[in-house]
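S.K.: Heads up, the working numbering is the position in the sequence shown plus 1, with the first residue counted as 1.
The structure that follows is given in the form of structure tokens.
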Amino acid sequence: MTSDKRPTKMPSGRLAAFLAAFVVLLFCPVPDGMRPEAMRLIAVTFLMAALWVSQVIPLAATSLLPLALFPLLGIQNAKTVSAAFINDNVFLFLGGFFIALSIERWGLHRRIALRIVAAIGSQPKRLVLGFIVATGGLSMWISNTATTLMMLPIALALLQTLEQESGEEGKALATRLAVPILLGIAYSASVGGMTTIVGTPTNTVAASIYAESTTPPPENESSQSRADDSADSTDGRTQIKPATDATVSREISVAQWMLACMPIGVLYLLMIWLVLTWRLPRATEHDEGLRTVLRERLNQLGRMTFAERRVLILFVLTALLWLFRRPLDIGSYRLIPGWSQLIPAWFGQLGVSDSIDPAGFINDSTVAILVAVLLFFIPSGTKTEDGKSVPLMNWETAVKLPWDIVLLFGGGFALAKAYGVTGLAEWLGGELEGLLTGQPAWIIVAGVCLVMIFLTEVTSNVATVNTLLPTLITMSVALGLNPLMMMVPATLATSCAFMLPIATPPNAIVFGSGRIQVQDMVRYGFLLNLIGVPLLTVATWLLIRPVFGI
Numbered sequence: 002m003t004s005d006k007r008p009t010k011m012p013s014g015r016l017a018a019f020l021a022a023f024v025v026l027l028f029c030p031v032p033d034g035m036r037p038e039a040m041r042l043i044a045v046t047f048l049m050a051a052l053w054v055s056q057v058i059p060l061a062a063t064s065l066l067p068l069a070l071f072p073l074l075g076i077q078n079a080k081t082v083s084a085a086f087i088n089d090n091v092f093l094f095l096g097g098f099f100i101a102l103s104i105e106r107w108g109l110h111r112r113i114a115l116r117i118v119a120a121i122g123s124q125p126k127r128l129v130l131g132f133i134v135a136t137g138g139l140s141m142w143i144s145n146t147a148t149t150l151m152m153l154p155i156a157l158a159l160l161q162t163l164e165q166e167s168g169e170e171g172k173a174l175a176t177r178l179a180v181p182i183l184l185g186i187a188y189s190a191s192v193g194g195m196t197t198i199v200g201t202p203t204n205t206v207a208a209s210i211y212a213e214s215t216t217p218p219p220e221n222e223s224s225q226s227r228a229d230d231s232a233d234s235t236d237g238r239t240q241i242k243p244a245t246d247a248t249v250s251r252e253i254s255v256a257q258w259m260l261a262c263m264p265i266g267v268l269y270l271l272m273i274w275l276v277l278t279w280r281l282p283r284a285t286e287h288d289e290g291l292r293t294v295l296r297e298r299l300n301q302l303g304r305m306t307f308a309e310r311r312v313l314i315l316f317v318l319t320a321l322l323w324l325f326r327r328p329l330d331i332g333s334y335r336l337i338p339g340w341s342q343l344i345p346a347w348f349g350q351l352g353v354s355d356s357i358d359p360a361g362f363i364n365d366s367t368v369a370i371l372v373a374v375l376l377f378f379i380p381s382g383t384k385t386e387d388g389k390s391v392p393l394m395n396w397e398t399a400v401k402l403p404w405d406i407v408l409l410f411g412g413g414f415a416l417a418k419a420y421g422v423t424g425l426a427e428w429l430g431g432e433l434e435g436l437l438t439g440q441p442a443w444i445i446v447a448g449v450c451l452v453m454i455f456l457t458e459v460t461s462n463v464a465t466v467n468t469l470l471p472t473l474i475t476m477s478v479a480l481g482l483n484p485l486m487m488m489v490p491a492t493l494a495t496s497c498a499f500m501l502p503i504a505t506p507p508n509a510i511v512f513g514s515g516r517i518q519v520q521d522m523v524r525y526g527f528l529l530n531l532i533g534v535p536l537l538t539v540a541t542w543l544l545i546r547p548v549f550g551i
């Protein structure tokens, strides 16, 4: 997961320029074929994008603008825009974060991280791999920022021990290890978050924008992007043929996202490890000392407590319920039957109408909230001084949830819905279709990934997804592509900002340790940014299309 908490300023000059441009756009002539309210929506989109990029005011405050400007400018009424700020994906994020907070509260994340690092080994290359695997694995379920903050002290303790106990050679090795270990932590925190739908807010936002999009799907949404099966090839260009099946589900499940994106994340973590460690030695005389430090840190934790065990059981239960909730098909093969399909018998006993799809009553947010509420009931096995049982979760811990991210979600959802209602999405699609018609699909996807990766070096990931994804969905439909072919790789690309300290909170955290120079981050980050473009493009055809059935 990621949460943007960068410092904000109030530069009056930039703010005045943004407001002036906003007013100019409001009174610009309306292009042919565009409705007046759509032009006003463009003005609001510009203002929000400018404020999100510059962070003149906090990101969450910018996200509230649709609630005020949409009704005042006649774009949408207050009731409609308010309703757009909340949906089931918001509660999926809330439930998932409650579970993550309970893991952090009882220290389970620290035990998992130390065990992974200790198990992989203490040789320089293996040590870096251990930190990458541990950080990436935890970041699948815990915020990128929290994971980085938890892993950083462990890494610094190892480096300090090496410097203090191994003489000049140890100091030299610590200097060589500092950059790959610390950058490995930052980069793997971002990549780990891309592998699950709850791993980073951008994924949750993307799933919700897709679900809420009112852009009509292409005539053949479920199969029209099969370039290999149903395309004419002319001069290497993919021309998609129409098909007949128009029924489409706009829900993206946790299982689907994991099945498509987990291999991408694993491969990216491997690339990070190779890039960061290719100049490190395989083994040194200090390996045993590092192994001793890891064992001591692990021994300090003692035996696993009752609270840790119970949180671990609930965490595993949640993951299993998410994975096996709905049928998961790859092509014509049913990989997972889905436990929600067993609900009809239970609904029959409750007298629910046969005309209602019982499985449609349940989604991933149902599971997340159910387990989150259970955390407040289940005792941790510890008691207060006056003998009262302490639950696994209390509200003092729960309020640490990043509520600003919820508002960021809402601002993006409101924009996405307005794009469809005002007809702006359809108009943009028509314009983009004329520009990109005839281009090979893979070039379009690669170009989108390239733009998103480097754009998020200087912009908020969530804000970028909120601003650009509605347009990408519309563009996909106009070009005869399934929106998921553009949306999923573009969303993943926003988690690949590795060059600058300001790009992501994990980058800023490790940079703040004082052991990394900006040029180190730029050198390694630029290469990993470039690797992301072909990786995500190829994965679109080999993983995303088969898993999502497009």
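Heads up, the beta-carbon is just placed ideally off N, CA and C, and yes, glycines get one too.
#1: In its own chain, which residues sit with a C-beta less than 6 Å from the C-beta of G533, not counting the 5 before and 5 after it?
#2: Taking the C-alpha atoms as reference points, what is the distance between T492 and M195?
#3: Please report the distance separating the alpha-carbon of S223 from that of I87.
#4: W396: buried (16+ other C-beta within 10 angstroms of its C-beta) or exposed?
#5: Below 8 Å between beta carbons: does that hold for M486 and R524?
#6: Do you know whose CA, among R15, N483, G75 and P490, lies nearest P37's CA?
#7: Assign R41 to one of two classes, buried (16 or more other C-beta atoms within 10 Å of its C-beta) or exposed (fewer than that).
#8: The alpha helix (DSSP H) that contains S366, what's its start and end?
#9: Please find out if some non-hydrogen atom of the ligand ATP comes closer than 7 Å to the beta-carbon of A84.
#10: What's the gap between the Cα of A190 and the Cα of S140?
#11: Using beta-carbon positions only, say whether L99 and G185 come within less than 8 Å of one another.
#12: Where A504 and E458 are concerned, what is the direct C-alpha to C-alpha distance, given to the nearest angstrom?
#13: Pull the bridge partners of K389 from the DSSP assignment, please.
#14: So who's on the other strand from K384, going by DSSP bridges?
#15: What is the rounded straight-line gap between the Cα of V58 and the Cα of L52?
#16: Under three-state DSSP, which class holds W142?
#17: Can you tell me the Cα-Cα spacing of T203 and A464, whole angstroms?
#18: Just tell me which of E213, A369 and A62 has its CA closest to the CA of A419.
#19: How many angstroms separate the CA atom of G550 from the CA atom of M488?
#20: Straight-line CA distance for Q225 to P535?
#21: Assign S341 to one of three DSSP states: helix, strand, or coil.
#22: Take S64 and list the residues in its own chain whose beta-carbon comes closer than 7 Å to its own, dropping the five residues that flank it on each side.
M.R.: Taking the structure as given:
#1: The residue labelled residue 533 in the question sits at position 532 within the sequence shown. The answer, listed in chain order, is I454 and C497.
#2: The residue given as residue 492 occupies position 491 in the sequence shown. The residue given as residue 195 occupies position 194 in the sequence shown. If you take the alpha carbons of T492 and M195, they lie about 8 Å apart.
#3: Residue numbering aside, residue 223 sits at position 222 when the sequence shown is read from its first letter. Residue numbering aside, residue 87 sits at position 86 when the sequence shown is read from its first letter. Here the model assigns S223 a pLDDT of 40, short of 50, so the residue's position is not dependable, and the following value carries that caveat. So the alpha carbons of these two residues sit roughly 27 Å apart.
#4: If you number the sequence shown from 1, residue 396 lands on position 395. Its Cβ having fewer than 16 others within 10 Å, W396 is exposed.
#5: Position 485 of the sequence shown, counted from the start, is the residue given in the question as residue 486. Position 523 of the sequence shown, counted from the start, is the residue given in the question as residue 524. Going by C-beta atoms, M486 is not nearer than 8 Å to R524.
#6: Position 36 of the sequence shown, counting from 1, holds the residue named residue 37. Comparing Cα positions, the closest option is G75.
#7: Taking the first residue of the sequence shown as position 1, residue 41 is located at position 40. Label assigned to R41: buried.
#8: Counted from its first residue, the sequence shown places residue 366 at position 365. Segment D365 to F378, the alpha helix (DSSP H) holding S366.
#9: This structure does not include the ligand ATP; it has no bound ligands of any sort.
#10: Taking the sequence shown and counting its residues from 1, the one referred to as residue 190 is at position 189. Taking the sequence shown and counting its residues from 1, the one referred to as residue 140 is at position 139. Going from the Cα of A190 to the Cα of S140 covers about 5 Å.
#11: Taking the sequence shown and counting its residues from 1, one reaches residue 99 at position 98. Taking the sequence shown and counting its residues from 1, one reaches residue 185 at position 184. Correcting the residue type first, residue 99 is Phe in the shown sequence and not Leu. No, the pair does not count as a contact, with Cβ atoms beyond the cut-off.
#12: Taking the sequence shown and counting its residues from 1, one reaches residue 504 at position 503. Taking the sequence shown and counting its residues from 1, one reaches residue 458 at position 457. Those two C-alpha atoms are separated by around 4 Å.
#13: Residue 389 sits at position 388 when you count from the first residue of the sequence shown. DSSP, once it has assigned bridges, lists no residue as partnering K389.
#14: For the purposes of this step, residue 384 is taken as residue 383 along the sequence shown, with counting starting at 1. K384 is bridged to S390.
#15: The residue you call residue 58 lines up with position 57 of the sequence shown. The residue you call residue 52 lines up with position 51 of the sequence shown. At residue 58 the sequence reads Ile, which differs from the Val that was named. Those two C-alpha atoms are separated by around 7 Å.
#16: Residue 142 sits at position 141 when you count from the first residue of the sequence shown. In the structure shown, W142 sits in coil (DSSP, three-state: anything other than H, G, I, E or B).
#17: Walking along the sequence shown from the start, residue 203 turns up at place 202. Walking along the sequence shown from the start, residue 464 turns up at place 463. If you take the alpha carbons of T203 and A464, they lie about 9 Å apart.
#18: Taking the sequence shown and counting its residues from 1, one reaches residue 419 at position 418. Nearest option by C-alpha distance: E213.
#19: For the purposes of this step, residue 550 is taken as the residue at position 549 of the sequence shown. For the purposes of this step, residue 488 is taken as the residue at position 487 of the sequence shown. Approximately 15 Å, taken between the alpha carbons.
#20: Within the sequence shown, the letter at position 224 stands for residue 225. Within the sequence shown, the letter at position 534 stands for residue 535. Any reading at Q225 must be qualified, since the residue scores a pLDDT of 37, below 50, and its modelled position is unreliable; the value itself is stated next. If I take the Cα positions, the gap works out to 22 Å.
#21: Residue 341 sits at position 340 when you count from the first residue of the sequence shown. It is helical.
#22: Counting from 1 along the sequence shown, the entry for residue 64 is found at position 63. Excluding sequence neighbours, S64 sits near L408, L409, G411 and G412.
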